[in-house]
Structures are given as C-alpha cells and as structure tokens.
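For reference, the structure is listed below as structure tokens.
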Amino acid sequence: MKNGVLLGLLVLARLGGAMTVHNLRCEYDMDPIGIATLQPRLSWTLSDSARNQMQTAYQIRVASTPKALSEGEPLLWDSDKTVSSETVHIMYDGTPLRDGMRCFWQVRAWDRDGKATDWSAPAQWQVALTDPASWQAKWIGPSASHVPAWGDLTLTADLVVDAEAVGLVFRAPDAANGYMWQINRALGAEPLLRPHVQQNGSWKMLPAVSLGAFMADGDQPKPHRIEIEARGTVIRTRIDGKLADERTDSTFASGTVGFRTSDKERARVNALTVVDAAGATLIVDTFDRASPAFPKLKVEDGHLLVSGGMHLYTGPLPKACPRLRKTFAVAKPVARATASVCGLGFYELYLNGRKAGDRVLSPPNTPYASRILFDTLDVTPLIQAGDNAVGIWLAPGYSDDYSQWGWKWELAKRAILQLDIDHPDGSRTTVVTDPSWQAGPSPLTFASLYDGEIYDAALETPAWSTAAFKAEGWKPVTLFEPTAAAFKPNTMPPVRVIQTLRPVAVRDPKPGVYVFDLGQNIAGWARLRANGPRGTRITLRHSELTDRDGMIDPWTNRRAKATDTFVLAGSGSTESYEPRFTYHGFRFIEVTGYPGVPTCDDVTGCVVHADAAPAGSFLCSDATLNQIYSNCLWSMRGNFMSIPTDCTMRDERTPCQMDSLAYEDTALFTFWMNSYYTKWLDDIAGGRGNPDWNGDTVFLPWRLYLHTGDRRILTTHYANMRAYIDALHARTPDHIYTQGFGDWCPPNDGSWQGYHGDVTDVNTCLYAALARIVAEASAVLGHTAEHDTYTRLSEQIARAYHAKRYRAETATYGDGSQTTAILPLALNVAPHDARDALARRLVATIRDTNKGRLDTGIFGTRYLLDVLCDIGEADLGLDMLTQPEYPGFGFQVANGATTLWEQWSVKGGMNSHNHAMFAGVGAAFFTRLAGITALRPGFEEIGIRPVMPKRLAFVKAGVETVKGQVAVHWRRVSDGLAVEVTVPVNATARIALPAPDAKAVTTQGTRFVGMENDRAVYVAGSGTFEFRIR
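According to my numbering, the residues represented by the sequence shown are 3 to 1032, in order.
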C-alpha cells in the first residue's frame, strides 16, 4: 500500500538534490559502546530535497577496523544490494560477533529512480561482555569495619547531661584502651570534669577539675558545647568556648572516638564533629536520623540518646566515599582499551589521574536483587605504554536511607572492573579487580542522595589514581561473592551534566548569607569557586522557593537536607567544587561561610539528567502555552534520572510508575526515549498492581511499538502484558476495578494530595484500555485466539462499566467530575450512543460547575485537551490551561513556575514544584494542535490533522521519528491559513486540513483524495509541502 501511494505520487515530484544517508543507529543509538546483543539491529534515516522520494534498496557493510571498511575488505558482513524500503531494525547477519568486539559500518541506499547514494559516513558499535564467562574480575571493596587511628584531633559535642554523667572517649585503640573525659553533673553536686585513662580494661582517674564556673545549670540540665582538643601530648578541654582544663598525657597517641556511660548515666547529644589538626572533617553528625556512626544508640527529635556502656566509632561511616586503586604496567603500544565497570552504590572510574568518561550517578538504579547493570567505557586515550594506575571512587548511592518505595542497594560498597587493553599486534592485556588492589579514604567524608555531600579539600590527594602515588596507610581490599542478581550491560542514555546555568541574581538577605537565583528550577547541583584559608567551611543549601525575606524556603525538600559542604584546602589560589554523588531539585542556592562576597561568576547551576536526545519542538502564538510546554520539558528532564522519578527534591525520587504512565506519550514526542524506556520496562517487569500504577507494563510497550514499529518490544514483553491483564481479570469477576489511586492530585485547595471519588472510574477505564492493547498486540504478533479473547474482555469491561457507573438522566459516570467524562471518551470506553451526550455534559460541567477551570488530576489532565479538541472545544481547552486563576497551569505560570507542580496550589500537604506527572498534557500539543500522529507503526504512514483554535495565530511543531523529521507549521494569514508540512523520506502522509472544499485549497505535489468532516484530505510522499486555505 505504502509503495503504491509513493509510486502514484512520482509524477508530482519536483527536481531536487541527491539522496543522502545519515543518523546511523545501532539498537536505537548512535555509535553505542556496550550493546547487549551479538546480533544487533541497524537503522538509518534518509534526506532528499526532492519530493516523494523513497528507498528502493540498501547495502550495509560491516568491518572490524576503519581501514577494512574504507577498503571494502575484509568485511564481517556485506548485505549486498538488498531490494527493500526498510530503514529500521535491519538485523545484522554477518560473521558471528564476540563479546567486546568493535564493529564499523556504513550504508548506501538506492532512490526511487534506482540511483545509489554515496556511502554514509562510518558509524560504529561495540559489544559488551554479554556472557558471564567473559568476566575475569572479582567484586572488591574496602574493609567493612576498622578502628581509625586518629591522633591530633578536635572533638566537639553539643549535649545535655540528663542523668549524672557522660563520658567522651578519644584516642581509643579499642574498647579496653583510651581516654575518657567524663562530664559529671550529679544533681545538687558540683559539676566536674573527671578525666580517665583506660588500659587493658582497667580505669585510672586523673585529677578532676571543677566546672562550676562553666556549667551553672541548677536543677534543670542545659545544653553545652564540649570541645576536646588533643595535640601531641597536650589535651585541652573547653566548655562553651572557654578553656576549662589543659593537661599533658602521653599514654595514647591515636585511636577512635565515642561515648561511655554507666547504667544510671544518660545524655542527649545534638551534634558531634571530629576534625583533624589540619581542619579536615573526620565525623560530622547532627542526628537528624539514625546515626550510622553509632548504630546501637537511638535517635529521637534530633538527639543521639547516649546510655548503656561503651560506644565506639569503628568506621568507615556508611556515607563515606572510599577509593580503590591499583598500579599496572603496559608493555606494548595501545590500540584500544575498554573498561567494563560497576561500582555500588555509585562509582567513578579514574585512569592515570583522569576521570573516565563524563557520566555521573552511575550505575543506574535497578531492582538490585534481580538485576545490576555495568557500564562499558572506551578509555583508550587514558592508557599509556609503561606504568599506569587505575582508581575507583565509591559512594553509597541509593543506599539504606533511600525511600522505602524505591530500589535500595543495602549491601557494602563494592566494585568490579575488567580493563581490556588491545595492542596493534593482536595481543591483549587484561587488568581486573582482585585481591591485589588497595582501599583508602577520600576527601568526600559524607555523601547522601538526599542530604548532600561534605567535601574536605584539605584531605585531597590529587595523584591518588596515578602510578607515582605512595599509598601509605591504604589497606588491602575485601573480596565479595557475586549476588544472585543478573549482571547486564547498561544500554540506557548516561546521566550527565547536560548544561550549565549562570545565576540571574544574587541577594544577601542577612549578613553572610547569599542567595543565588538560577531563574530556572532544575535537577542537579551547584558548582562553586572560592579562595580562602585552610579549613574554611562553605555551606550550600538548595530550595525551590524563597520566603518573603528572600531566604531559601526548603519546605518542599521535606526531610532531605539538600546541603553540600565545601571545606577549603587553603591553597592560596581559587579552588573549585561540585558534587558528584548526590543531586538536588532547586532553583535557589544559599551560600554561607564564604570567604568574602561571592558573585554570580562564583556559582554555576549544573543541570543533570539522562542524556536522551531532544526529539520534539513546539512553539505557538500564546506565551503562556509556550511556558507550559517549557515547564513540561524541564520537569521531564529533571525526573529523567536513571529511572523516571516522581520528584527531584524531597526524600523520595522513587521509580513511580503511576507518574510515568501519565506522561509517557509526551516524553516520546519530545525526547529520543527508546533506549531509556527499554531499560525501564526491564525494571518494572512482573508488576501486578492496580491499572493506575502498573498500567505502563502494557501501555509502554505498545506506545514504543507505535513510535518505532519495533515488534521485538512486543515480543519481549508480550507474556508479561498478558500475565498482567490475566491478574487483573482474576481480581475482578464483575469487571469493575475499585482499587488504586484514581485521578491523583486534582484541585483540593492544597489540603493534601488525594483524589475525587473516581478511583473506580479511572481504574476500570484504564483496565478496559489495557485489555484492548493486549488484544491489538496479539494481532500484531499473529496470536489470533488471544486477540479474540482480550477483545471480548475489553468489551465486557466497557459494558459492565457503563451499566454500573452511567446515569442516563444526567449523562454522567461516577461522581460527574470532569475526569469521569474525559477518560471514557479518550479511551473509547463509552458506547457510541452515549458519547455525544457525555461530551455535551462535560462542556456544561466545565462552563457552569467549574467556571471554565479544570478539575482534573494526572489522568484527566493527560487527556483533557485531546478530548476537548476532538469534540470541537479546543478554545475552551486552551482557556482552561492558560487562565491565570487557581487551579490551572496558567496559575502556576502566573506564580513564577518554571516546572510543573505536584499540586495545583502553591503550598499544602506534599507539594513539590517539580513533578512530571502532569506533563502528559503536552502530548496533545503534538497530536492535536500540530495534528501529528502515526497512522502506521514507526511513522511509515503519518497523520497530519491539526486543530486550529481561534485564539492561536500559529503553531510550529516537529518530531524526530525513526523515519526522520516530521514537521507542521500552520499560521493565520490575511486571506485564510497557510500550512507547511514536512514528511521524511520513505514515509507517506495523510493530511487533513479544515476547508469547505478542495477549491479553497492551493497546493502542489500532493494528491487530493476527498472531504472528511469539513476537511480536505491529501496524500503526500516525502518532502515539504505548502497549503494555502482561503
């Protein structure tokens, strides 16, 4: 059919330039390193300025070296001239590939006239280690526990002695040895400092010192700051900053710190800090949650409750970030070097002092118990002949304090690396993680996904990953057995620093407090420059909002502290810091402790998210609608980390399937999401929850198939799709689904998230749509019986829903809210004879009951504009979106929003200001306002049917498909409408434009096929076509 249409249009073609081949992709990506298959699929796009162009044949050639490719031999595969119009998902069919193999390839094509293109520019791919037998490396990590040997230090504790006394322990080699300075405050007695020395379990008390001048608490215990400074043999004790005691003792030179109490003694510690003589932070804890340093002691209301014996810190802290290293020699020149690497929770790889690659926050978050991903990196430029060193920097990542709703890595930090170095003579040197590695500390003494980082530049050893570094004090690593999880190549787009933003303003609402405004809510972190004395402690706090005084207002962070600390090394020159193992959601950055006055040149916002290439664009004549589209983009970007998260800033950032389900259509029009969503589908496989939560188990494979034409996505997930629908069916003998979240977060004046009484309506409509999709997928895959089974099921659900929830006298479903009409219409659940009345009632509800404002949560909002455009009420839909009063997107824009909010109100309950779940409305900007749809999977046949609201003067939109660029630009002109449509090579378009008849339309190069519902319909091949409508 497609070829017939194209051939019929050839007489309408005009002369143009030669066809070219470009955008070569292997498994959806350009030049991928680390594909997960030995038989990849290849795709490309074509360009030609001539209209109605098509590919009639192609030739692919693949070689193991660029030289062989350019010379045409020897080749791994030569497809020869293959008569076909296919340009997508061509299966490699050459010499069997091996793990680690790099392949170079190019394509040429023949156009409609049988003329061959030039060979494309070469592209490449590399196979990952797909077979477990290819791995020679072992999992290694730092020792799980050791007693620090801290010598000169300052221990500071903010505490209250609640009962009798508390002992502060320092320079303790073990529990039977060390110093214990007891603060004794027996009620009614003189407060005393009672220093003790413990040797081999025996205590000796040194001369006591009265603290009456420092701790005149009376009967009510009061908080005090106790500071113990140990320098060589001199030990000084300060109470609230005043020197209370100084003495000399040489019994112990080093050890750990801690607390000691007897059975009747109790204290509350509000904060504990330990720094070394250079000012480098060893421990800092404000006890906002359970203390990893003292796991046996409880934390309540921000206090560590000290009682019950000896409690020593035996580190390393779970939030510390150790380093692993090894030196190795390379005896021959290097042709190519590939690192297969994973570090849990997060890692960075270094070779000869330089970081490998630019990805961050890796590896991706997955259900770690079942699947762990490793990266494949080209590190050729970092390896040299002779002496080399490799280092791995580890961090907690998604560890024990990650949300209970997310996938946690709760085991010890560890890494695995296989470094394969190929030489020109065909030999290979392999370096692996094994017992020969060493582990040591790093200047990152604390890293938390939610709470931020503490980076002490005074502890930095810049040469730690070079061969010249002397690893004094570093310890042997520990070996770990592999977990039961599958270990697979990571093929999703890496998370990177995508762009940087210069602050648009800085204010100092209080002395020494500087608040920077990026002008845009982002996910990522701040980069800081400073020059100051050693030990200067600069703190950066992050928030989405500011209060009326100009201070940051971090309430949307909830319990996430979102605080990064930079301790200067005092190098005498400008020092720079940016986080690497945390991220925040923010617009505003509070800087305190800065040495001097920072300017906008000293702070940079780093935008961080998965590097899914932009695919879509949208612009119209309405500034508010453009800002809504921008807010959709920024919220999706910020929540596209290694999983689609719910929010960017608070202590969640979890793999929220409900949110993703509500905006996946928009994401597929705006970003190149194929590899990203393929990984996501693997993450969520097996879910059997409610349709509003686990529905993307079915929706997403189908959406990807429609966008890409990739049957393998359906084949891979078909069994899971069926099992999911079967599980829903088993739970609903009456076909009515009554559980779930429903239309999450409709307007409710900010009291809480909540929903209308529409849980049944939302989930039953979704259930019917899901069953229909499984039926259609069955047909695509040739499963006729299953197609019939699931078609009947979908029809049964729709009939049962209509019988149970529809009231003919009011033409409403359920509670009559907007969503209860929108979803039955959008998802084709309402029967044909009820649709007109339901649509009329929806419009009346909007105008009369809701006064022209939306009343929808995430699912109703997703389809709101679709439905209103389809029933001829596009202007009403745009008015609802853009009006500046509560509730609506226009209200958010009027209140300065640069991303989408979780709720329609400014504040209330849980309400982040960067939630992507409402971005689903953006799909209609493409499918309705621009009118772009895929009439056949993979955009082989494209629908162009723009809706043209009276309030818009123009719409200009485009989307990069697997076939190439599809674009629509319509605008109002003095005598009517001007429409420009671009169709990629190898595709056809069915273009339906509003017109009284064909005589009102002027165009060239297309074929008029008739009138449909007051639209003139044309068929076109590839090229750019102009229409004037009078």
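Even for Gly, the Cβ is constructed at its ideal location relative to N, Cα and C.
Minimum length 4: unbroken alpha helix (DSSP H) runs contained in the stretch 638-689: Taken in chain order, the unbroken stretches of alpha helix (DSSP H) that lie wholly in the stretch 638-689 and span 4 residues or more are 659-672 and 676-686.
Spatial neighbours of Gly-1012 in its chain, beta-carbon cut-off 6 Å, leaving aside the 5 residues before and after: The residue given as residue 1012 occupies position 1010 in the sequence shown. Result list for Gly-1012: Val-1019, in chain order.
Tell me the DSSP bridge mates of Val-171? Your numbering for residue 171 matches position 169 in the sequence shown. Answer is Met-182 and Gly-260.
Can you tell me the Cβ-Cβ gap for Met-643 and Leu-363, rounded? I've got them flagged as a contact below 8 Å. Translated into positions along the sequence shown, residue 643 becomes position 641. Translated into positions along the sequence shown, residue 363 becomes position 361. Right, the Cβ-Cβ distance comes to about 7 Å (below 8 Å), so this counts as a contact.
Please look up how many angstroms separate the CB atoms of Pro-197 and Leu-213, rounded, as I've assumed it's under 8 Å. Numbered from its first residue, the sequence shown carries residue 197 at position 195. Numbered from its first residue, the sequence shown carries residue 213 at position 211. The pair is not a contact, with the Cβ atoms about 12 Å apart (cut-off 8 Å).
Give me the DSSP bridge partner(s) of His-611. Against the sequence shown, residue 611 aligns to sequence position 609. According to DSSP, His-611 shares a beta bridge with Arg-498.
Quick check: the stretch 954-962 against the stretch 723-738, are at least 3 beta-carbon pairs closer than 8 Å? No, the stretch 723-738 is not in contact with the stretch 954-962.
Residues that Asn-852 bridges to, as DSSP identifies them: Here residue 852 refers to the residue found at position 850 of the sequence shown. Looking at the DSSP output, Asn-852 shares a beta bridge with no other residue.
Three-state class that DSSP yields for Ala-449 in the structure shown: If you number the sequence shown from 1, residue 449 lands on position 447. Three-state result, Ala-449: strand.
In whole angstroms, what is the alpha-carbon distance linking Gly-534 and Val-593? Here residue 534 refers to the residue found at position 532 of the sequence shown. Here residue 593 refers to the residue found at position 591 of the sequence shown. Taken atom to atom, the span from the alpha-carbon of Gly-534 to that of Val-593 is near 15 Å.
Unbroken beta strand (DSSP E) run spanning Tyr-726, endpoints: Position 724 of the sequence shown, counted from the first residue, corresponds to residue 726. That residue, Tyr-726, is in no beta strand (DSSP E); its alpha helix (DSSP H) goes 713-733.
Quick check on Asn-202: buried or exposed, where buried means 16 or more other Cβ atoms within 10 Å of its Cβ? Taking the first residue of the sequence shown as position 1, residue 202 is located at position 200. Exposed is the call here.
Cut-off 6 Å between Cβ atoms - residues of its own chain near Ser-81, not counting five sequence neighbours on either side: As a working note, residue 81 is residue 79 in the sequence shown. The residues are Gln-61 and Ile-62.
Thinking just about the alpha-carbon of each residue, which of Trp-411, Pro-98, Asp-850 and Gln-108 is nearest to the one in Thr-39? Reading the sequence shown from its first residue, position 37 is the one you call residue 39. Taking only the C-alpha atoms, the option nearest Thr-39 is Pro-98.
What is the DSSP secondary structure of Cys-105, counted as helix, strand or coil? What you label residue 105 is simply residue 103 of the sequence shown in a count that begins at 1. Residue state for Cys-105 is assigned as strand, using DSSP reduced to three classes.
Do you know whose CA, among Ala-174, Trp-395, Lys-415 and Ala-925, lies nearest Thr-316's CA? In the sequence shown, counting from the first residue as 1, residue 316 sits at position 314. Proximity to Thr-316 across Ala-174, Trp-395, Lys-415 and Ala-925 peaks at Ala-174, based on C-alpha coordinates.
Quick one, are the C-beta atoms of Val-970 and Val-983 less than 7 Å apart? By 1-based counting over the sequence shown, the position of residue 970 is 968. By 1-based counting over the sequence shown, the position of residue 983 is 981. Yes, Cβ-Cβ distance for Val-970 and Val-983 is below 7 Å.
In or out: Gln-1033 buried (at least 16 other Cβ within 10 Å) or exposed? This structure does not reach residue 1033, given that the chain is present from 3 up to 1032, and the question cannot be answered.
Determine the extent of the alpha helix (DSSP H) in which Asn-696 is found, giving its start and end residues. Taking the sequence shown and counting its residues from 1, the one referred to as residue 696 is at position 694. Where Asn-696 is concerned, the enclosing alpha helix (DSSP H) starts and stops at 693-696.
By the three-class DSSP mapping on this structure, what secondary structure does Trp-1107 have? This structure gives no information on residue 1107, because the portion of the chain shown stretches from 3 to 1032.
Taking only three categories from DSSP, how would you classify Gln-820? Residue mapping note: residue 820 aligns to position 818 of the sequence shown, counting from 1. Here Gln-820 sits in helix by DSSP.
Verify whether the separation of the beta carbon atoms of Ala-994 and Arg-974 is less than 7 Å. Here residue 994 refers to the residue found at position 992 when the sequence shown is read from its first residue. Here residue 974 refers to the residue found at position 972 when the sequence shown is read from its first residue. Contact annotation: Ala-994 and Arg-974 have beta-carbon atoms that are not nearer than 7 Å.
Can you tell me the Cα-Cα spacing of Val-985 and Ala-1022, whole angstroms? As a first step, residue 985 must be located in the sequence shown, where it is residue number 983. As a first step, residue 1022 must be located in the sequence shown, where it is residue number 1020. Approximately 8 Å, taken between the alpha carbons.
Once the 5 residues before and after Ser-401 are set aside, which same chain residues still bring their CB inside 6 Å of it? Counting from one through the sequence shown, the residue named residue 401 turns up at place 399. Excluding sequence neighbours, Ser-401 sits near Gly-347 and Trp-411.
Whole beta strand (DSSP E) runs in the stretch 227-253 with 3 or more residues, listed along the chain? Taking only runs of at least 3 residues, the beta strand (DSSP E) segments lying wholly in the stretch 227-253 are 236-241 and 244-250.
In the stretch 425-491, which residue ranges form an unbroken beta strand (DSSP E) of at least 3 residues, counting only runs that do not cross its ends? DSSP runs (the beta strand (DSSP E)) wholly in the stretch 425-491: 430-434, 440-442, 446-450, 454-458, 480-482 and 488-491.
Identify whether Val-961 lies in helix, strand or coil by the three-state DSSP scheme. As a first step, residue 961 is located in the sequence shown; it is residue number 959 there, counting from the start. It is a strand residue.
Met-919 by DSSP, collapsed to three states: which one? The count along the sequence shown starts at 1 and reaches residue 919 at position 917. Helix, per DSSP.
Considering only the alpha carbon of each residue, which of Pro-225, Ala-397 and Ile-500 lies closest to Asp-360? The sequence position of residue 360 within the sequence shown is 358, counting from 1. Of all alpha-carbon atoms in Pro-225, Ala-397 and Ile-500, the one lying nearest the alpha-carbon of Asp-360 is that of Ile-500.
How is Glu-73 classed by DSSP in three states: helix, strand or coil? Position 71 of the sequence shown holds residue 73. Note: Glu-73 maps to helix in three-state DSSP.
Nearest-angstrom Cα distance between Trp-107 and Trp-127? The residue labelled residue 107 in the question sits at position 105 within the sequence shown. The residue labelled residue 127 in the question sits at position 125 within the sequence shown. Taking the straight line joining both Cα atoms gives about 8 Å.
Can you grab the Cα-Cα spacing for the pair Arg-714 / Thr-480, in whole Å? Stepping through the sequence shown from its first residue, residue 714 is reached at position 712. Stepping through the sequence shown from its first residue, residue 480 is reached at position 478. Computed Cα separation, rounded: 42 Å.
According to DSSP, is Gly-410 helix, strand or coil? In the sequence shown, counting from the first residue as 1, residue 410 sits at position 408. Contrary to the premise, residue 410 reads as Lys rather than Gly in this sequence. Lys-410 falls in the coil class under three-state DSSP.
Starting from Cys-28, follow its DSSP beta bridges and name the residues at the other end. On the sequence shown, position 26 is the one that residue 28 refers to. Answer by DSSP bridge pairing, in chain order: Asp-31 and Leu-44.
Excluding the 5 residues preceding and the 5 following Val-508 in the sequence, name in chain order all residues of the same chain whose CB lies nearer than 8 Å to its CB. Here residue 508 refers to the residue found at position 506 of the sequence shown. Cβ within range, chain order: Tyr-516, Val-517, Phe-518, Asp-519, Pro-600, Thr-601, Cys-602 and Val-605.
Have a look at Tyr-631 and Ile-860 and give me their C-alpha separation to the nearest angstrom. On the sequence shown, position 629 is the one that residue 631 refers to. On the sequence shown, position 858 is the one that residue 860 refers to. About 16 Å.
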